[in-house]
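Student:
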Amino acid sequence: MTEEKKDPQDTQPEAAEPLNESQSETTETTKNTENTDTSSAVNEPATGSGQEAPKSETEEVGQTEENTSVLVPEGEALASISATEGTDHPAAEEESTKRGGSQVWIGISLLLAVLLVISLVKNPFGQSDAKTVVATVNGEDITKDKLYDKLVEAGGTQTLSGMIDEELVRQEMEKEKLQITDADIKKEKDFYLKQFGSDEALSQVLAQYGMSEEDFNEQLKKEAQIRKLLEPKVTVTDDEIKQYFEANKEAMNTPEQAKFSSILVATQPEAEAIIKELKGGADFAKLAKEKSIDTTTKDKGGDLGYVSKGTQDAAFDEAAFKLKKGEISGAIKSDAGFQVLKMTDYKQAHTATLEEKKAEIKDMIVTQKVSEKATTWLADLKSKAKITNTLENKANEKAAAAPAK
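Numbering (the working numbering), first residue to last: 9 to 413.
Okay, structure coming up:
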């Protein structure tokens, strides 16, 4: 998953001090940078998980308190979303760095669409007549059987191959008397949640790729089957765990973090009016829902999620992290308008230890080894199975009959 990297502002004016409810000072502006726009969302952008941050200069004025897809090995023949490849999901750059640039895999099969359309074309109007006209071009008919043949030609062989893999795995699960539980599926989903930071961020990725929650859960089930069958066949040594920890020690540390809520409005007078209402005891979440123009956070009461110190520019860190839990910032100017922040939670920086990360590291290494083993394991299953694949046979016959070039 590549990203458009942040371009921190060179000028960093002095940040305003947070004020108590009894105070109402106007201070100098601080600057905020554009939020990172990358391939996935995590829960740590300046303006919230999965939200595009207001670009640019911030000015602080006064503060107050307050798919179903065919089965494939994990990471194989799937559309991948890598932490180092370019897509358009906000805020993944930091997560990528945090995890040492590890690749994030989403189980999205490009063959899903082909398989779905084929199933619809077989009986699109509740009729079985192969000569049903599905389109007309200048009086010339395109029939259902012609469309079906083209779809099979375009992706049928690969789709059927995937379905064969799926059936082989199902039979292996049955032979080993293994069942997939909700806990197994949750374990697979947690892998993705760690990469994207939140359910919301993950949902945004799925939506971009046209994959429903139901499709995703079905894919997770298939990945869980592969893991359950192959996990007993892989081993992870203490030395491997230690080596991984030493190589990724810095990325495993947790930086200073704070959780913020935000109300974004168009003008400074509006922001100052909101600050006045908050000083008078108004509920922040209620005001956010009523008055914020940020459509990605207003329905959540302005909740932005956690922001890690050091992931934004120095000016933003100085302004935001100067707040104490419950305090409200002054009006922060940006290209999108004026923003009022409230710190709702705070977490101190933490240095990770090998002991506390041991189980997590082991699970990551197991996942990697299972993925690497899956391809050869499936190939071995295929070589031992009795499989009849008429589409593959036809493709081979067609290739053999083609004139040599």
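Ideal Cβ positions, reconstructed from N, Cα and C, are used throughout, including at glycine. Since this is a predicted model, take the numbers as computed values, not measurements.
#1: Give a yes or no on whether the C-beta atoms belonging to Met-351 and Glu-364 are separated by under 8 angstroms.
#2: Please report the Cβ distance between Lys-7 and Val-242, rounded to the nearest whole angstrom; I am assuming they are in contact, meaning their Cβ atoms lie under 8 angstroms.
#3: Thinking C-alpha only, which one of Gly-218, Asp-325 and Lys-332 is nearest Pro-263?
#4: What three-state label does DSSP hand Ser-206 in the structure shown?
#5: With 16 as the cutoff for other CB atoms within 10 Å, does Val-141 come out buried or exposed?
#6: Is it the case that the Cβ atoms of Lys-236 and Asp-192 are separated by a distance below 8 angstroms?
#7: Buried or exposed: Ser-270, going by 16 or more other Cβ atoms within 10 Å of its Cβ?
#8: Pull up the distance between the alpha-carbon of Gln-376 and that of Lys-299, whole angstroms please.
#9: Please state whether DSSP places Met-181 in a helix, a strand or coil.
#10: Should Leu-349 and Ile-340 be called a contact, given that it needs their Cβ atoms to be closer than 8 angstroms?
#11: DSSP three-state call for Ile-283: helix, strand or coil?
#12: DSSP three-state call for Thr-55: helix, strand or coil?
#13: In chain order, what residues of the same chain lie with their CB nearer than 6 angstroms to the CB of Gln-276, ignoring the 5 residues before and after it?
#14: Comparing alpha-carbon positions, which option in Leu-214, Lys-183 and Asp-198 lies nearest Asp-190?
#15: Quick one: grab the DSSP three-state call for Ala-49.
#16: Determine the extent of the alpha helix (DSSP H) in which Asp-247 is found, giving its start and end residues.
#17: Compute the distance between the beta-carbons of Val-244 and Val-378, then report whether it is under 8 angstroms.
#18: Does Gln-187 come out as helix, strand or coil in the three-state DSSP assignment?
#19: Could you tell me which of Gly-164, Asp-149 and Tyr-156 sits nearest to Asn-397, measuring between CA atoms?
#20: Which residues does DSSP list as the beta-bridge partners of Gly-345?
#21: To the nearest angstrom, how far is it from the Cα of Asp-247 to the Cα of Leu-362?
#22: Rounded to the nearest angstrom, what separates Lys-390 and Ile-188 at their Cα positions?
#23: For Gln-265, which of helix, strand or coil comes out of DSSP?
#24: Based on Cα-Cα distance, which residue from Glu-161, Met-171 and Gln-233 lies nearest to Ile-395?
#25: Among Glu-368, Ile-282 and Met-372, which residue has its Cα nearest to the Cα of Ser-337?
#26: For Glu-148, report the span of its alpha helix (DSSP H) as first-last.
#27: How many angstroms separate the CA atom of Leu-399 from the CA atom of Gln-356?
#28: Decide if Glu-161 is buried, meaning its Cβ has at least 16 other Cβ atoms within 10 Å, or exposed.
#29: Using a threshold of 8 angstroms, state whether the C-beta atoms of Ile-293 and Gly-309 are closer than that.
#30: Consult DSSP for Met-219 and reduce its assignment to one of helix, strand or coil.
#31: Of all the options Glu-221, Trp-385, Pro-411 and Ala-367, which has the alpha carbon lying nearest to the alpha carbon of Ile-249?
Tutor: Reading from the atomic positions:
#1: no
#2: Residue 7 cannot be examined here, being either before or after the span of the chain that is shown, 9 to 413.
#3: Asp-325
#4: coil
#5: exposed
#6: yes
#7: buried
#8: 47 angstroms
#9: helix
#10: yes
#11: helix
#12: For Thr-55, the predicted structure reports a pLDDT of 40, less than 50, and the residue's modelled location is therefore unreliable. A value from the coordinates is still provided. In this structure, Thr-55 counts as coil in the three-state DSSP scheme.
#13: Ala-339 and Phe-346
#14: Asp-198
#15: Any reading at Ala-49 must be qualified, since the residue scores a pLDDT of 34, below 50, and its modelled position is unreliable; the value itself is stated next. Ala-49 falls in the coil class under three-state DSSP.
#16: 246–255
#17: no
#18: coil
#19: Gly-164
#20: Ser-342
#21: 12 angstroms
#22: 22 angstroms
#23: strand
#24: Met-171
#25: Ile-282
#26: Unbroken run through Glu-148 is the beta strand (DSSP E), 148–151; no alpha helix (DSSP H).
#27: 59 angstroms
#28: exposed
#29: Note that residue 293 corresponds to Ala in the displayed sequence, not to Ile. Their beta carbons are under 8 angstroms apart, which means Ala-293 touches Gly-309 by this criterion.
#30: coil
#31: Ala-367
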